Amino acid sequence: MILSLRAKLTLYGLLTLLLVFGALGVFLALDARHYLLQLAAEDMREQALLLGQQYEAQLASSATADQLQAFTAAQARLLARRITVIDRAGVVVCESDLGSAGIGAMENHLVRPEIVRANIGGWGYATRYSRTLRQNMIYLAVAIRRQGAVWGYCRIAWPWRQFLLFQRRLVISLVIALLAAVGLLLVSTTILWNPAARSIKRIGAVAQRIAAGEFQARASASDGPAETVQIARSLNAMAESWEQAAARLREKTAQLESVLGGMSEGVVVIGPEGRVVLVNPAAAAMIGIDREGAAGKLLMELVRLPQMERLVAGACDRAEIEVNGRALLV
């Protein structure tokens, strides 16, 4: 299937938009993930530090395990976060989403990446899949100190699905922007293409007239894009050249016919293939043929004589023939 120029330009534009928006989408998705992760980590760090200070105050007041658990559950509801308190040995002391039985069944957290980083630098975060919650989470932990020494760690968790929702909204926004860009491309292509298309159609119509022998036809070179104006000027120059050449040819033909028409001798002009090109009136009268009907025919079709065949073949220079009872020297 041969596509039109407009279809090709539109297709190339659509492919360009898809490539640009695709690359932009990948870049924004990756960059947004990193940026949001850093933003969430900073926000969670501030919350965890405040919680750590409150846990230090609770420990200083000799709060019981039940009091710490109640405090943890209350803070989790307030912050809409999952909160876990872990002692220095990695044992879970409090968990906002689990009861005493669930806490006792939890494995040691000492080697969790966020705990390891908090033990080294005072705080740390990590993202991973939670087998308990069965979803991806971001975890951030800060050290809890008691009398200057690390007593344990306060860890808060946030579901990773929030990031996925943001990325989904980002993708939707990109798709909407892409559709808007496609619509704008189609509208702009139509607006910009129509004048050029009209100019090309007019030039094509003039070219067909010239090809049919109408050399006086001219294309408009006053409107349309610069490219079509240049094409129109070139086409007009070519048509003018052909018109002048045709006029010169007609003039020479008229002169030749005038000369041949005034001759008393008969003249028959034969082309390379042995076909009659021109017959003057004297020759037509001598051999009894129609001048107009003779053009394009083989001479042997008009004069069926062996002598004429030898003359045309170049076997002899002249011959005497008899046509309609008249002896003619050819």
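According to our numbering, the residues represented by the sequence shown are 237 to 566, in order. The C-beta atom is built at its ideal place from N, Cα and C for all residues, glycine as well. Model, not experiment: these values are computed from the prediction.
Here E331 carries a strand assignment [DSSP, helix/strand/coil]. Between R317 and Q283, the C-beta spacing is below 8 Å. Boundaries of the beta strand (DSSP E) harbouring P395: 385 to 395, taken from the DSSP string. A distance below 7 Å between beta-carbons, with the five flanking residues on each side excluded, links E292 to the following residues of its chain, in chain order: I380, R381, R382. Measuring C-alpha to C-alpha distances from L250 to each of L414, I427, R391, N372 identifies L414 as the nearest. When the five nearest sequence neighbours on each side are left out, the beta carbons in the same chain lying within less than 6 Å of the beta carbon of I339 are those of V328, E331, in order along the chain. N472 is a Cβ neighbour of R454, given a cutoff of 8 Å. When rounded, the separation of the alpha-carbon atoms in L253 and V418 is 8 Å. Here the alpha carbon of A309 sits roughly 40 Å from the alpha carbon of L410. The alpha carbon of E479 has as its nearest neighbour, out of I446, G288, P517, K488, the alpha carbon of I446.
Contact between R281 and L376 holds: their C-beta atoms lie close to 6 Å from each other, under 8 Å. Within its own chain, the residues whose Cβ lies closer than 8 Å to the Cβ of V386, once the five positions on either side in sequence are excluded, are R324, N355, A379, I380, listed in chain order. Residue state for L376 is assigned as strand, using DSSP reduced to three classes. Contact check between the stretch 431 to 444 and the stretch 293 to 308: fewer than three CB pairs, one atom from each, fall below 8 Å, which does not count as touching. Put simply, the backbone Cα of V504 is about 60 Å away from that of L428.
Sorting K488, Q305, L287 by C-alpha distance to the C-alpha of L315 places L287 at the top. Boundaries of the beta strand (DSSP E) around V515: 512 to 515. Taking 8 Å as the cut-off, the beta carbon of I322 is found no closer than this to the beta carbon of Q311. Counting along the chain, T300 sits inside no beta strand (DSSP E), nor does DSSP assign it H or E at all.
Under the three-state reduction of DSSP output, Q305 falls in the helix class. Residue burial is scored here from C-beta neighbours: R405 has fewer than 16 other C-beta atoms within 10 angstroms and is therefore classed as exposed.
Buried is the label assigned to A393, since at least 16 other Cβ atoms lie within 10 Å of its Cβ. Excluding the 5 residues flanking it on each side, A362 has same chain C-beta neighbours closer than 6 Å at P349, E350, Y375, in chain order. Across the structure, Y271 and V423 are spaced so that their CA atoms are roughly 36 Å apart. If you draw a straight line from the Cα of L514 to the Cα of S456, it is about 39 Å long. Judged by DSSP secondary structure, R318 falls within the beta strand (DSSP E) whose first and last residues are 318 to 323. In the three-state reduction of the DSSP assignment, I412 falls in the helix class, which pools H, G and I.
For A362, the enclosing beta strand (DSSP E) stretches over residues 359 to 366. Only residues of its own chain outside the window of five on either side were considered, and among them L410, A413, L414, A417 have a CB closer than 8 Å to the CB of F257, listed in chain order. Between the alpha carbons of E509 and L492 lies a gap of roughly 21 Å. Across the set E450, L421, A468, the C-alpha of L421 shows the shortest separation from the C-alpha of A243. Secondary structure note for I506: its beta strand (DSSP E) is the uninterrupted segment 504 to 506.
In the assembly as shown, S435 is a buried residue. Its beta-carbon has 16 or more other beta-carbons within 10 Å.
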